[in-house]
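Participant: Sending over a structure as structure tokens; questions will come in a sec.
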């Protein structure tokens with residue numbers, strides 16, 4: 001021991017042999033932050049020889065790069081002093097106006113003042129959770145739900161209660177019962193998180209009638225609804241269904257994004273919320289970032305002003321329709337008996353149910369070895385459920401690669417089925433925990 | 001009361017007359033999130049007829065817009081598919097390499113793998129606090145400290161303990177004593193937050209010897225150091241002082257930013273941290289945003305690769321030097337007896353001490369009426385201290401406007417002094433709470 005300069009006793013030099021000297025200093029909320037095994041597999045799944053049905057990246061190859069390039073050059077030379085400067089914590093006024101115009105396509109009437117710009121709608125969800133949720137609160141989610149949202153709720157130390165869906169999405173009676181049961185058990189239910197259009201991961205869409213029913217339940221239960229709608233303009237048939245927010249202005253916090261209708265790399269999303277909520281969101285944003293990316297907002301506003309962005313969305317829709325069709329045809333050709341899957345009418349995803357006894361989580365390494373990847377259903381549940389399901393994305397591979405992917409997947413499944421017949425349930429898998437009836441989908445490939 | 005469709009009892013329709021129907025649903029952490037009165041005044045301070053010495057916006061008028069514009073057009077047309085797509089949660093590899101090259105200018109040796117890109121260094125601070133701080137933890141800050149940092153610590157329900165500075169910045173003995181006192185009182189001290197170069201708001205810089213002393217105290221106390229360095233390359237005399245992180249790789253988490261050396265509107269900053277900390281930062285980032293703005297990272301990397309960015313920084317430096325000189329000359333001419341102020345050798349800010357009895361917070365509305373604005377010292381303390389101080393920014397107004405600003409400020413102060421002589425201490429102000437000796441600066445305009 002030595003004496004320090006002020007006469008105090010200095011601590012002995014520590015020989016710290018731990019890998020992480022800070023292991024006992026992290027906040028309690030980090031205990032729920034773990035890198036998943038699934039993520040580790042994806043670095044392999046992204047190799048070019050693998051057909052990845054796992055990703056959710058939009059295909060932006062049809063964007064007119066020459067147009068975007070010249071729009072941005074013009075933006076810099078004429079407005080660069082503003083576009084490259086700090087901006088408003090709430091987001092730039094012209095993009096908030098444009099956002100209101102975009103939302104009108106889904107029946108939403110809103111004022112730019114009620115819009116808060118976020119770093120993608122992911123950050124919108126992060127800020128909404130930050131301002132509403134205390135540790136131990138419960139968030140209601142669909143069964144299954146978006147993996148990125150489950151991560152946010154976990155990061156804020158919330159519990160998630162999954163509520164059953166059917167072919168029209170969230171089941172209102174199941175919602176009603178879930179709220180009642182949780183409150184009877186003394187839990188605080190903070191909000192319902194729902195993805196009404198072409199849901200990630202299940203691909204299903206709430207009808208207009210279903211949306212009104214869900215709102216009725218929310219009204220009865222005095223429950224806040226957080227509506228997440230990145231895919232609403234990417235439907236293949238007819239006009240978009242009006243948003244839940246179009247039916248109710250006071251009870252709904254709406255999350256939107258340009259990531260799938262323009263491009264993700266600018267990271268511009270938004271939250272439309274009642275005024276008092278918006279005030280807190282802006283304060284939270286100022287603390288988190290000072291302001292969302294200003295150049296990105298100017299860039300997207302310039303794109304919307306200088307290009308037929310509605311026509312561009314139509315081009316994307318047709319491209320995704322072709323890919324959906326290719327995946328569905330491939331599934332019909334190559335899936336074994338006992339498989340079933342949803343038939344999405346827009347968006348990026350098909351949700352497949354495996355034959356009994358198979359385990360999508362346990363199977364993934366073998367699939368990647370066979371050069372095809374998907375996301376196991378377990379990623380989309382907070383409670384370990386989901387090993388009978390897989391999410392298949394058709395947004396990024398070409399139609400040919402999608403069909404090849406289903407061929408490879410079919411071989412993997414056939415192999416798994418024969419191992420099951422010979423050896424019994426997969427190691428580490430086996431019978432699902434079935435807290436609620438499994439979701440049976442249309443489009444099943446019946447035996 | 002009516003019965004709902006399922007036979008359950010529906011709640012009676014609430015006639016909610018509160019302005020905010022969600023007022024009892026917000027998370028506990030929002031109680032510390034309030035819009036400050038200072039912020040409300042700034043919307044007035046930003047009017048063109050007001051000389052604002054309040055802002056911290058860098059002056060980017062010298063950026064070569066034609067060069068930046070053509071760099072970005074080229075980026076879109078050649079690399080747009082990647083630059084506009086989702087990217088890595090840790091940030092793009094090429095920008096992390098460039099960041100390491102930038103940090104070498106301040107003596108830092110680092111590997112790109114230890115860099116995490118953030119949405120400005122503000123978000124870096126948000127993520128660092130998110131992974132380390134539990135409610136009730138204590139963060140040590142300089143007295144005074146950066147208002148945006150105080151907001152983050154408050155948003156995470158931490159307490160701030162301010163530690164005295166002198167003309168060389170943070171006082172190591174005061175630091176040692178603060179840690180000891182807090183721990184003796186059973187508090188958890190999570191880290192020291194320090195801004196060693198041209199500190200916002202006080203303008204002072206830690207000498208190299210002082211940095212080594214601070215590290216010795218941190219080592220003795222096993223204290224983590226968070227070093228925030230947005231201004232390090234904007235010194236007016238000679239080479240940058242080596243960063244604290246240049247002296248110690250294991251105990252320092254370093255925050256950097258392109259906001260002041262290039263431009264703020266892209267929102268690109270970074271955290272350099274030991275490996276285990278970096279892992280948690282990336283998980284936190286993926287939860288918060290999926291990934292930081294990809295286009296912005298490609299844009300800045302392209303700028304660094306295609307322009308003499310070091311030369312550009314020199315141009316900025318000379319411009320800020322001229323403005324510092326103008327402000328200091330104006331202060332010498334126009335400040336009343338009893339005022340004193342720091343003489344910064346770089347960066348954006350001068351920290352002025354008012355004559356006894358004056359209150360910068362109470363005086364602000366009268367200053368804005370006289371068409372000059374500053375930030376009262378109270379913004380930079382967590383404990384209400386600081387009404388004898390004001391931060392004067394010279395980064396944005398022209399030299400002529402800066403001198404005019406000091407003239408107007410001198411008139412306001414003269415008026416305040418005569419009111420004080422006639423009526424006694426200002427309403428709502430009065431004697432400072434003096435938990436520690438006030439910071440007396442060089443460059444004083446002595447009576």
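Residue numbers (this note's numbering), protein chains in the order written: chain A, 1 to 447; chain B, 1 to 447.
In this text, a Cβ means the ideal position worked out from N, Cα and C, and glycines have one as well.
The structure displayed is predicted, hence computed values, not measured ones.
Do three or more CB pairs link the region 291-300 of chain A to the region 265-277 of chain A at distances below 8 Å?
Facilitator: yes
Participant: Taking 8 Å as the threshold (beta carbon to beta carbon), is residue 206 of chain B in contact with chain A?
Facilitator: By 1-based counting over the second chain, the position of residue 206 of chain B is 206. Taking Cβ atoms only, chain A never reaches closer than 8 Å to residue 206 of chain B, which makes this a no.
Participant: If the cut is a Cβ gap below 8 Å, which residues of chain A does residue 201 of chain B touch?
Facilitator: Position 201 of the second chain, counted from the start, is the residue given in the question as residue 201 of chain B. Here the premise fails: no neighbours, minimum Cβ distance about 16 Å.
Participant: Residue 293 of chain B CB to nearest chain A CB: under 8 Å?
Facilitator: If you number the second chain from 1, residue 293 of chain B lands on position 293. Yes, residue 293 of chain B lies at the interface with chain A (some Cβ there is under 8 Å from its Cβ).
Participant: Out of curiosity, what's the CA-to-CA distance linking residue 11 of chain A and residue 352 of chain B?
Facilitator: Here residue 11 of chain A corresponds to residue number 11 of the first chain, with the count starting at 1. Here residue 352 of chain B corresponds to residue number 352 of the second chain, with the count starting at 1. Residue placement at residue 11 of chain A is flagged as unreliable, the pLDDT there being 46, under the threshold of 50; the coordinate-derived value follows with that caveat. Their backbone Cα atoms lie some 39 Å apart in a straight line.
Participant: Would you report the Cα separation of residue 319 of chain B and residue 197 of chain A, rounded to the nearest angstrom?
Facilitator: Translated into the one-based positions of the second chain, residue 319 of chain B becomes position 319. Translated into the one-based positions of the first chain, residue 197 of chain A becomes position 197. Their backbone Cα atoms lie some 53 Å apart in a straight line.
Participant: With a threshold of 7 Å on Cβ separation, who are the neighbours of residue 182 of chain A within its own chain once the five nearest residues in sequence on each side are excluded?
Facilitator: On the first chain, position 182 is the one that residue 182 of chain A refers to. Excluding positions up to five away in sequence, the list reads 138, 161, 189.
Participant: In angstroms with no decimal places, state the Cα-to-Cα distance between residue 454 of chain A and residue 89 of chain A.
Facilitator: Given a span of 1 to 447 for chain A in the structure shown, any question on residue 454 of chain A remains unanswerable.
Participant: Suppose the cutoff is 6 Å on Cβ atoms and the five residues either side in sequence are ignored; what does the same chain contact list for residue 164 of chain A look like?
Facilitator: In the first chain, counting from the first residue as 1, residue 164 of chain A sits at position 164. The answer, listed in chain order, is 143, 171, 174, 436.
Participant: In the DSSP assignment, what are the bridge partners of residue 162 of chain B?
Facilitator: Locating residue 162 of chain B in the second chain gives position 162, counting from the first residue. Answer is B:141, bridged to residue 162 of chain B.
Participant: Using a Cβ-Cβ cut-off of 6 Å (strictly less than) and excluding sequence neighbours within five positions of residue 224 of chain A, which residues of its own chain qualify?
Facilitator: As a first step, residue 224 of chain A must be located in the first chain, where it is residue number 224. So the list reads 191, once near-sequence residues are dropped.
Participant: Can you find a CB in chain A that lies within less than 8 Å of the CB of residue 266 of chain B?
Facilitator: Start at 1 with the first residue of the second chain, and residue 266 of chain B comes out as number 266. Residue 266 of chain B counts as touching chain A.
Participant: Please look up how many angstroms separate the CB atoms of residue 228 of chain A and residue 121 of chain A, rounded, as I've assumed it's under 8 Å.
Facilitator: The count along the first chain starts at 1 and reaches residue 228 of chain A at position 228. The count along the first chain starts at 1 and reaches residue 121 of chain A at position 121. Residue 228 of chain A to residue 121 of chain A, Cβ: 7 Å. Contact.
Participant: Taking only beta carbons into account, state which residues of the region 113-135 of chain A come closer than 8 Å to chain B, listed in chain order.
Facilitator: So the close ones are 119, 120, 122, 123, 126, 130, 131, 132, 133, 134.
Participant: Examine the Cβ distances between the region 299-308 of chain B and the region 75-95 of chain B and report whether three or more of them are shorter than 8 Å.
Facilitator: yes
Participant: Ignore the nearest five residues each way along the sequence and tell me which others in residue 447 of chain A's own chain have a CB closer than 7 Å to its CB.
Facilitator: As a working mapping, residue 447 of chain A is identified with position 447 in the first chain. Low per-residue confidence applies at residue 447 of chain A: pLDDT is 33, beneath 50, and the placement is therefore not dependable, though the value from the model is reported in the following sentence. Cβ within range, chain order: 337, 338.
Participant: Please classify residue 62 of chain B: does DSSP put it in a helix, a strand, or coil?
Facilitator: By one-based count along the second chain, residue 62 of chain B stands at place 62. It is coil, neither helix nor strand.
Participant: Could you tell me the alpha carbon to alpha carbon distance between residue 400 of chain A and residue 248 of chain A, rounded to whole angstroms?
Facilitator: As a first step, residue 400 of chain A is located in the first chain; it is residue number 400 there, counting from the start. As a first step, residue 248 of chain A is located in the first chain; it is residue number 248 there, counting from the start. So the two alpha carbons sit approximately 43 Å from each other.
Participant: With 8 Å as the threshold, decide whether the Cβ of residue 21 of chain B is near any Cβ in chain A.
Facilitator: In the second chain, residue 21 of chain B corresponds to position 21, counting from 1. By this cut-off, residue 21 of chain B is an interface position.
Participant: Between the C-alpha atoms of residue 49 of chain A and residue 41 of chain A, what's the straight-line distance to the nearest angstrom?
Facilitator: Stepping through the first chain from its first residue, residue 49 of chain A is reached at position 49. Stepping through the first chain from its first residue, residue 41 of chain A is reached at position 41. For residue 49 of chain A and residue 41 of chain A, the distance between alpha carbons rounds to 14 Å.
Participant: Within 8 Å of any Cβ in chain A, is that where the Cβ of residue 250 of chain B sits?
Facilitator: Translated into positions along the second chain, residue 250 of chain B becomes position 250. Output row for residue 250 of chain B: interface = yes.
Participant: Tell me the DSSP secondary structure of residue 17 of chain A in three-state form.
Facilitator: For the purposes of this step, residue 17 of chain A is identified with residue 17 of the first chain, where counting begins at 1. DSSP places residue 17 of chain A in coil when its eight states are reduced to three.
Participant: Using a Cβ-Cβ cut-off of 8 Å, state whether residue 290 of chain A counts as contacting chain B.
Facilitator: Taking the first chain and counting its residues from 1, the one referred to as residue 290 of chain A is at position 290. Chain B, which has a Cβ nearer than 8 Å to the Cβ of residue 290 of chain A, makes this yes.
Participant: How long is the line joining the alpha carbons of residue 101 of chain B and residue 344 of chain B, rounded to whole angstroms?
Facilitator: Taking the first residue of the second chain as 1, we reach residue 101 of chain B at position 101. Taking the first residue of the second chain as 1, we reach residue 344 of chain B at position 344. Cα to Cα, residue 101 of chain B sits roughly 26 Å from residue 344 of chain B.
Participant: From the DSSP secondary-structure annotation, give me the bridge partner or partners of residue 373 of chain B.
Facilitator: Looking up residue 373 of chain B in the second chain gives position 373. Partner(s): B:52.
Participant: Just verifying my parser: in three-state terms, what is the DSSP assignment at residue 148 of chain B?
Facilitator: Counting from one through the second chain, the residue named residue 148 of chain B turns up at place 148. Residue state, collapsed to three classes: helix.
Participant: With distance defined between alpha-carbon atoms, name the residue in B:333, B:69, B:202 nearest to residue 147 of chain B.
Facilitator: Here the question's residue 147 of chain B lines up with position 147 in the second chain. Minimum Cα distance to residue 147 of chain B is reached at B:202.
Participant: Using the DSSP secondary-structure output, state which residues sit across from residue 352 of chain A in a beta bridge.
Facilitator: Within the first chain, the letter at position 352 stands for residue 352 of chain A. Looking at the DSSP assignment, residue 352 of chain A forms a beta bridge with A:341, A:390.
Participant: Considering residue 191 of chain A, what are the terminal residues of the beta strand (DSSP E) in which it resides?
Facilitator: Here residue 191 of chain A refers to the residue found at position 191 when the first chain is read from its first residue. Note, residue 191 of chain A: beta strand (DSSP E), 189-194.
Participant: Near residue 242 of chain B, what residues of its chain come up, given a Cβ to Cβ distance below 7 Å and the 5 sequence neighbours on each side ignored?
Facilitator: Taking the second chain and counting its residues from 1, one reaches residue 242 of chain B at position 242. These residues qualify, in order along the chain: 106, 107, 208.
Participant: Excluding sequence positions up to five away, which residues of its chain have a Cβ less than 6 Å from the Cβ of residue 416 of chain A?
Facilitator: Stepping through the first chain from its first residue, residue 416 of chain A is reached at position 416. For residue 416 of chain A, where only same-chain residues beyond five positions count, the Cβ hits under 6 Å are 358, 363.
Participant: Is residue 28 of chain B closer than 8 Å to residue 134 of chain A when the C-beta atoms are compared?
Facilitator: Reading the first chain from its first residue, position 134 is the one you call residue 134 of chain A. Reading the second chain from its first residue, position 28 is the one you call residue 28 of chain B. Cβ distance < 8 Å, so residue 134 of chain A and residue 28 of chain B count as in contact.
Participant: Does the beta carbon of residue 287 of chain A come closer than 8 Å to any beta carbon on chain B?
Facilitator: Here residue 287 of chain A refers to the residue found at position 287 when the first chain is read from its first residue. Cβ-Cβ to chain B under 8 Å: yes for residue 287 of chain A.
Participant: Of all Cβ atoms in chain A, is any one closer than 8 Å to the Cβ of residue 166 of chain B?
Facilitator: In the second chain, counting from the first residue as 1, residue 166 of chain B sits at position 166. No, residue 166 of chain B lies away from the interface with chain A (no Cβ there is under 8 Å from its Cβ).
Participant: At a Cβ threshold of 8 Å, is residue 224 of chain A touching chain B?
Facilitator: The count along the first chain starts at 1 and reaches residue 224 of chain A at position 224. Yes, contact with chain B.
Participant: Return the residues of the region 82-93 of chain B that lie within a Cβ-Cβ distance of less than 9 Å from chain A, sorted by chain order.
Facilitator: Taking 9 Å as the upper bound on Cβ-Cβ separation, chain A lies near residues 82, 83, 84, 85, 86, 87 of the region 82-93 of chain B.
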